[in-house]
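Here is the structure we will look at, set down as structure tokens.
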Amino acid sequence: MTLNVQKQYARRIQQLPIQTMMPRRQAPRFQRRKKEFHGTCQIAPTFRNCTPESKDKNKEFFVRKKEQLLESQKNMMHVTQTINEKATEASYLVSYRIAQAGEAHTIAENLIKPCVLDITKCMLDEKSAKHLSTVPLSNDTVSRRIHDLASYVKQELVTRLQKTRFALQMDESTDVAGLAILLVIVRYPYESSFEEDMLMCSPLPTNTTGEEILIK
0 MTLNVQKQYA
10 RRIQQLPIQT
20 MMPRRQAPRF
30 QRRKKEFHGT
40 CQIAPTFRNC
50 TPESKDKNKE
60 FFVRKKEQLL
70 ESQKNMMHVT
80 QTINEKATEA
90 SYLVSYRIAQ
100 AGEAHTIAEN
110 LIKPCVLDIT
120 KCMLDEKSAK
130 HLSTVPLSND
140 TVSRRIHDLA
150 SYVKQELVTR
160 LQKTRFALQM
170 DESTDVAGLA
180 ILLVIVRYPY
190 ESSFEEDMLM
200 CSPLPTNTTG
210 EEILIK
């Protein structure tokens, strides 16, 4: 009985179409391929309608176009990087001037930058002013720039003094608030001349006697 049932089902399976014997999960994949092929067939008419001047070009033409596009993107990235580097350098230069003048750090963002933008718009154009507006001159940025410059100057001075003999000159003074200040000036040979730099400027805790200066 069992053998007859098996033969009966085997004959039924042989009579079924091939599509019904395939796993159902494969049907969506064939549908996707059909849609992708249909979408690919629509590219050519769209391309001919949108760019009629390029429909008769050969493969080498499009290869050159691709290379030109990549080269233009590379040049644009280089220009952007150059502008950012120059903006950072300008930020350091302005911060250095502010430190020399002893002005508040907020003067860069509140006064210097607006004046520079106004001058650039009047003398040059809006495009140049747009480039200058990328220079970072906020209060925190100027403070960091001055700190970086001070650290570099300190390291450079220490490096020079480690390689040569030097002389120290100490002086004490009192500011308008009555605070005692100790100044230390160092003089040393560098290259073909003598250089003088401030080595230290520190307040004295009590008074300006010789003992306090030596302890300091």
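Quick note on numbering: numbering that gives the first Met the number 0 labels position 55 of the sequence shown as 54, and the sequence is numbered without any gaps.
Where a beta carbon is used, it is the ideal one built from N, C-alpha and C, also for glycine.
These numbers come from a predicted model, not from an experiment.
- Taken atom to atom, the span from the alpha-carbon of K153 to that of Q99 is near 16 angstroms.
- Look at V152 here: in three-state DSSP terms it is helix.
- Counted as a single uninterrupted DSSP element, the alpha helix (DSSP H) harbouring E125 occupies residues E125 to L131.
- Cβ neighbours of K120 within its own chain (closer than 7 angstroms, five residues either side excluded): A128.
- Beyond the five residues adjoining it in sequence on each side, D174 comes within less than 8 angstroms, by CB distance, of I180 in the same chain, given in chain order.
- Measuring C-alpha to C-alpha distances from V185 to each of S71, P202, G177 and L198 identifies L198 as the nearest.
- Comparing C-alpha distances from A107 to each of V134, V183 and R164 shows the shortest one belongs to V134.
- For C200 and E70, the gap between their C-alpha atoms comes out near 54 angstroms.
- DSSP places L167 inside the beta strand (DSSP E), whose first and last residues are A166 to T173.
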